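Visitor:
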Amino acid sequence: MSTAGTAPNESSPRSQETGPSRARVGEWAALVIILIFASLVSGRGFTEPWNDRHHGANGARYSLIARNYLAHDWLGCRLEPRMDTVTADVPMFTPYLRHPFLVPLFISFSFAVFGEHEWAARLVALLAHLGVIAMLWRLVRRFATPAAALATAALYAALPMSAYYGGMVDPQGAMVLVFSLLGIDAYSRWSETGRLGTACRAGAWLSLAAMSDWPGFYVAGFLPVWEWMARGRSARRSVLWFPVGAVVLGLGFLAYVEWVTGDFRGIFGKAVRTRSLWSFVEDSDQLRLFVSGILGRWRPYFPIGFLLLAIVGSVEAFRQRFLLGRLFGLIVLSSAVGIVHIVLFPQGAWVHPYWAYLLAPPVALAGGIAVELVMNRLEQPASSVWIALIVVLCGWSGVSVWQRLGDERTTIAYEFADRLRSGTPPEALLLTLERVPNFGSTVLYYIRRRVVGPIETPEQLHDQLVEANRPSHFFARHETLVAPENAELVRALAGIARPAPPLGRGAWKVFRLE
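The sequence shown lines up with residues 0 to 513 when you count with numbering that gives the first Met the number 0.
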């Protein structure tokens, strides 16, 4: 691949001084424009309430945990990610530990500085998203050329998968990626210099990635493969300390879960019982349904233009794998991390489109190679036309993501929780047929009342009312109430419930209990 910039005029000392500096200024200006573009697109709805979609449900869940970190004190609650709706000495809900706790912990730091606001939580995710773009630019610039680096940054900022989910508050988001890329950058420098301090810095970044979400562990595990691809027989054997460290850290986290909850198997039982990929492979019909289902969910987030660029770039990266070295290995590494996450948790990939978020970096990296490859083979003005086409592709993608984020401003859960909170006294007990806290984290975040559930039998309903001896309300989704298995409970409610004020609309029904 060619180097960026043109050679200065040898007869002009002034051009020798100003040419490179002007090129660098232009490069930085382009990066700033890309970051501003990403901020505007992925940051839409920055100050709005949590909605009813993935962005809102996930943001409310981790904001609720962050609120409890502040209310219970970080060390006082042993860093338990509690889903309590009110401050209590004893947590009402089992700590939410299906993911490591670094994302809500960072949100709690943001709340401590800026106050508890939706935008303070989104700020953590958006800064991490911008950090991913900057780190992709930095790495590609080191391993290839400035032109490829800017193309990669622009494609990542505009790709719908990364643009749409880059600002989402969730462990499977930008935080695990930015820490992983910081660790990869430090690791590559250690591989070149052998300095112990650089190795420690790489280990620290990768530890933060692992404590953000599970893919951080995969990154550390794949580093020996990347080292071997880049250096061959001269690869450092000490790289094996990174996957060993990841295993030790993982075991330590699992021990922490057992210490905090005393129920390690219960916390992770659902994930273990979740359908494995092998069960799909054994049944060809289920496998076809699985593949077609996830591909259908991912299609809107990986438009054909981006995929074509990625295919061209991947072929070129493979052809020049010895010349590109670290960059080709980075494409393989990032692809492997995303694929392993899908294979390990296929049910998540089936349900959540953002399970493919980890595949956005390799698409952008390969696309960046393709952009520079075509630029190098074109003459002016064809090269300018090619750049204009890429700008149009990125702009069109950014507008589509902007519109979609605007179209998803659903606030039914927020309005319901707000009205239920304002229509009940602070000491009110709210009973529900739903399985707290899984029925709706947006409601839990805004409700600020004691919630107990699931209440599934008339006996449980009676016992809770006797024990509470205070104003109580019962609420549930309409679809849950009309289920045949809940008919006996509904009859019991009819005998003690009075018509409640019109506190909610849509899917929830509310009863005031005597």
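Just so you know, even glycine gets a beta-carbon here, dropped at the ideal spot from N, CA and C.
Model, not experiment: these values are computed from the prediction.
Examine the Cβ distances between the stretch 159-167 and the stretch 204-222 and report whether three or more of them are shorter than 8 Å.
Guide: They do not touch, by the three-pair rule.
Visitor: When you compare only the Cα positions, how much space is there between P352 and F301?
Guide: In the sequence shown, residue 352 corresponds to position 353, counting from 1. In the sequence shown, residue 301 corresponds to position 302, counting from 1. Their Cα atoms are separated by approximately 11 Å.
Visitor: Given a threshold of 16 other Cβ atoms within 10 Å of its Cβ, counted over all protein chains shown, does E257 qualify as buried or as exposed?
Guide: For this step, residue 257 is matched to residue 258 along the sequence shown. Classification for E257: exposed.
Visitor: Within this structure, are the beta carbons of A363 and L492 separated by less than 8 Å?
Guide: Start at 1 with the first residue of the sequence shown, and residue 363 comes out as number 364. Start at 1 with the first residue of the sequence shown, and residue 492 comes out as number 493. No.
Visitor: Please report the distance separating the alpha-carbon of V398 from that of V24.
Guide: In the sequence shown, the residue the question calls residue 398 occupies position 399. In the sequence shown, the residue the question calls residue 24 occupies position 25. The alpha-carbon atoms of V398 and V24 are separated by roughly 27 Å.
Visitor: Ordered along the chain, which non-local residues of its own chain (more than five positions away) have a Cβ less than 7 Å from that of W349?
Guide: Start at 1 with the first residue of the sequence shown, and residue 349 comes out as number 350. Closer than 7 Å at the Cβ level, and outside the excluded window around W349, lie F289, G292, I293.
Visitor: Just the Cα atoms here: how many angstroms apart are L429 and E407?
Guide: Working through the sequence shown from its first residue, we reach residue 429 at position 430. Working through the sequence shown from its first residue, we reach residue 407 at position 408. Cα to Cα, the separation comes out at about 29 Å.
Visitor: Flag this pair as yes or no: are the beta carbons of E426 and A475 separated by less than 8 Å?
Guide: Translated into positions along the sequence shown, residue 426 becomes position 427. Translated into positions along the sequence shown, residue 475 becomes position 476. It is not a contact, given that the beta carbons lie outside the stated cut-off.
Visitor: Over what stretch of residues does the beta strand (DSSP E) that includes W507 continue unbroken?
Guide: Taking the sequence shown and counting its residues from 1, the one referred to as residue 507 is at position 508. Here the beta strand (DSSP E) through W507 covers 507-512.
Visitor: Opposite R476 in the DSSP bridges: which residues?
Guide: Working through the sequence shown from its first residue, we reach residue 476 at position 477. For R476, which the question treats as bridged, DSSP gives the partners W507.
Visitor: Distance, Cα to Cα, G324 vs L358?
Guide: Looking up residue 324 in the sequence shown gives position 325. Looking up residue 358 in the sequence shown gives position 359. C-alpha separation (whole angstroms): 20 Å.
Visitor: For G114 and V373, I'd like the C-alpha separation in whole angstroms.
Guide: Residue numbering aside, residue 114 sits at position 115 when the sequence shown is read from its first letter. Residue numbering aside, residue 373 sits at position 374 when the sequence shown is read from its first letter. Between G114 and V373, the C-alpha separation is close to 49 Å.
Visitor: Below 8 Å, how does it come out for the stretch 193-204 and the stretch 116-127: are there three or more Cβ pairs, yes or no?
Guide: The stretch 193-204 vs the stretch 116-127: no contact.
Visitor: If you check the beta carbons only, do L222 and Y186 fall under 8 Å apart?
Guide: Mapped onto the sequence shown, residue 222 falls at position 223. Mapped onto the sequence shown, residue 186 falls at position 187. Closer than 8 Å, so yes.
Visitor: What residue does the alpha helix (DSSP H) around L343 start on, and which one ends it?
Guide: As a working note, residue 343 is residue 344 in the sequence shown. Start and end: 325-343.
Visitor: Would W354 be called buried (16 or more neighbouring beta carbons within 10 Å of its own) or exposed?
Guide: Taking the first residue of the sequence shown as position 1, residue 354 is located at position 355. Counting Cβ neighbours within 10 Å, W354 comes out buried, since at least 16 surround it.
Visitor: Quick one: grab the DSSP three-state call for A234.
Guide: Taking the sequence shown and counting its residues from 1, one reaches residue 234 at position 235. Of the three classes helix, strand and coil, the one that applies to A234 here is coil, per DSSP.
Visitor: Out of curiosity, what's the CA-to-CA distance linking S62 and L104?
Guide: Within the sequence shown, residue 62 is the residue found at index 63, counting from 1. Within the sequence shown, residue 104 is the residue found at index 105, counting from 1. If I take the Cα positions, the gap works out to 9 Å.
Visitor: Relative to the ligand ATP, is the shortest distance from any of its heavy atoms to the C-beta of E191 smaller than 7 Å?
Guide: Absent from the structure shown: the ligand ATP. Ligands present: none.
Visitor: Just to confirm my understanding: we take M174, look at its own chain, exclude 5 residues before and 5 after, and list those with CB closer than 6 Å. What are they?
Guide: For the purposes of this step, residue 174 is taken as the residue at position 175 of the sequence shown. Hits under 6 Å: V102, A127, S211.
Visitor: Taking only runs that begin and end inside the stretch 373-452, name each unbroken alpha helix (DSSP H) of 4 or more residues, in chain order.
Guide: Listed in chain order, the complete alpha helix (DSSP H) runs (minimum 4 residues) inside the stretch 373-452 are 381-406, 411-421, 440-446.
Visitor: How should C199 be labelled, buried or exposed, when 16 other C-beta atoms within 10 angstroms of its C-beta is the threshold for buried?
Guide: Translated into positions along the sequence shown, residue 199 becomes position 200. So C199 counts as exposed.
Visitor: Just the Cα atoms here: how many angstroms apart are P501 and S107?
Guide: By one-based count along the sequence shown, residue 501 stands at place 502. By one-based count along the sequence shown, residue 107 stands at place 108. Residue placement at P501 cannot be trusted, given a pLDDT of 47 that sits under 50; what the coordinates show is reported in the next sentence. Computed Cα separation, rounded: 34 Å.
Visitor: Quick one: what does DSSP say A355 is sitting in, helix, strand or coil?
Guide: Translated into the one-based positions of the sequence shown, residue 355 becomes position 356. It is helical.
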